[in-house]
Each structure stands twice: as C-alpha cells, then as structure tokens.
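For the sequence shown, our numbering assigns the number 20 to the initial residue and increments by one for each residue that follows. Note that beta-carbon positions come from the ideal geometry of N, C-alpha and C, so glycine has one too. To start, the structure under review is shown below, and the notes come after it.
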Amino acid sequence: MSQKSIREVALRLLTGRDYSRNEIVRKLKSKGYPLEEIETLLIEFTQNNLIDDPRFTENYIHKQRNKGYGPRRIHLQLQALGLSAELIAEKLEINDNVWLAEIRKVWQKHFKGKQADNFKDHAKQMRFLLYRGFTTEQIESVLDKLNR
C-alpha cells in the first residue's frame with residue numbers, strides 16, 4: 020500500500036474529529052497498513068499539529084463534561100483510548116470543586132429537583148451519579164446540601 024493512500028485515509032479520519040495518536044494507529048492497522056508507514060505518517064502529522072494528544076485530551080474532557088460525565092468516568096475512557104496517565108492527570112482535575120456544580124446540574128436534569136425522601140431514593144441518586152463518574156465524596160457533599 021502506498022504512502023499516499025495511507026495519508027488520504029488518515030486525513031479523511033481527521034476531517035471528522037480529533038483522534039488520539041493510539042486511535043489513529045489502531046484504525047490504520049485495522050485497514051492493513053504496515054506499522055513503519057503508520058509511524059512515518061504520525062511523525063509528519065505530529066509535526067504539523069494534525070495529531071496532538073494534549074489538545075485531543077482537553078477537547079474530549081470538555082465534550083464528556085458537557086454530556087454530564089464525572090472525572091472518574093472520563094479518566095477511564097481516556098485510559099481506554101491509550102492516553103498516558105501523566106497527560107490525563109495534567110488535564111483532568113479529579114478533586115476540583117468545579118465538579119460540584121456539574122453534579123448539581125446532572126442531578127437537577129435527571130431528578131428534576133426531586134429530593135430524596137427516603138433511603139431508597141437516596142441510594143438511587145447515589146448509584147446514578149456514581150455511574151456517571153463522580154466520586155462518593157463529591158456526591159455526598161452535593162446531596163447533603165440539596166437535602167437540607
């Protein structure tokens with residue numbers, strides 16, 4: 020397979036959205052391109068800022084945060100995409116108090132402001148917010164304030 024065709028395939032992928040370096044490698048490998056050609060192309064694309072893992076990470080965090088996902092879930096998703104733990108830690112503030120406002124928004128949207136009247140409702144709200152990727156401490160802090 021020629022270098023031109025691998026470039027065309029990679030550029031077509033990148034016109035749709037940002038990809039991490041590992042995602043591009045995986046996609047191009049699955050299309051049968053040799054690893055040497057992929058690496059050569061990645062060097063060129065990285066130098067031309069077409070592939071930029073820090074930018075991808077920031078955009079991904081922003082997108083997932085707007086969808087109502089918490090720091091733990093976003094962290095796991097970024098790890099699954101093959102990004103380094105250092106880069107994730109640098110870009111994602113897990114213990115940041117800004118997440119408390121996010122939890123409140125997600126809670127308000129999903130539960131329509133209905134406070135937990137009993138243990139069953141409280142547990143249901145906890146499970147939902149934990150599934151969304153927020154920490155137990157963050158959730159308890161917000162739910163305690165809301166249920167006062």
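CA-to-CA distance, residue j to residue i, given in whole angstroms
| i | j | result |
| --- | --- | --- |
| D136 | P53 | 60 Å |
| R74 | M145 | 32 Å |
| I93 | T155 | 15 Å |
| N116 | Q83 | 17 Å |
| Q66 | E77 | 19 Å |
| R123 | F147 | 13 Å |
| K133 | D140 | 10 Å |
| H81 | S103 | 18 Å |
| V125 | K110 | 22 Å |
Beta-carbon proximity list for residue i, same chain, < 8 Å, skipping 5 on both sides
| i | result |
| --- | --- |
| Y38 | L32, K46, I70, F75 |
| G35 | none |
Burial state of residue i (16 or more Cβ within 10 Å)
| i | result |
| --- | --- |
| L95 | exposed |
| G152 | buried |
| E112 | exposed |
| I57 | buried |
| F138 | exposed |
| E27 | exposed |
When the options are compared against residue i, the one with the closest alpha-carbon
| i | options | result |
| --- | --- | --- |
| A142 | I158, D72, A104 | I158 |
| Y88 | E77, W118, I107 | W118 |
| N68 | V161, L30, H129 | L30 |
| E105 | D72, R123, Y79 | D72 |
| S24 | F138, L60, A108 | L60 |
Own chain residues within Cβ distance below 6 Å of residue i, not counting five before or after
| i | result |
| --- | --- |
| L97 | I107 |
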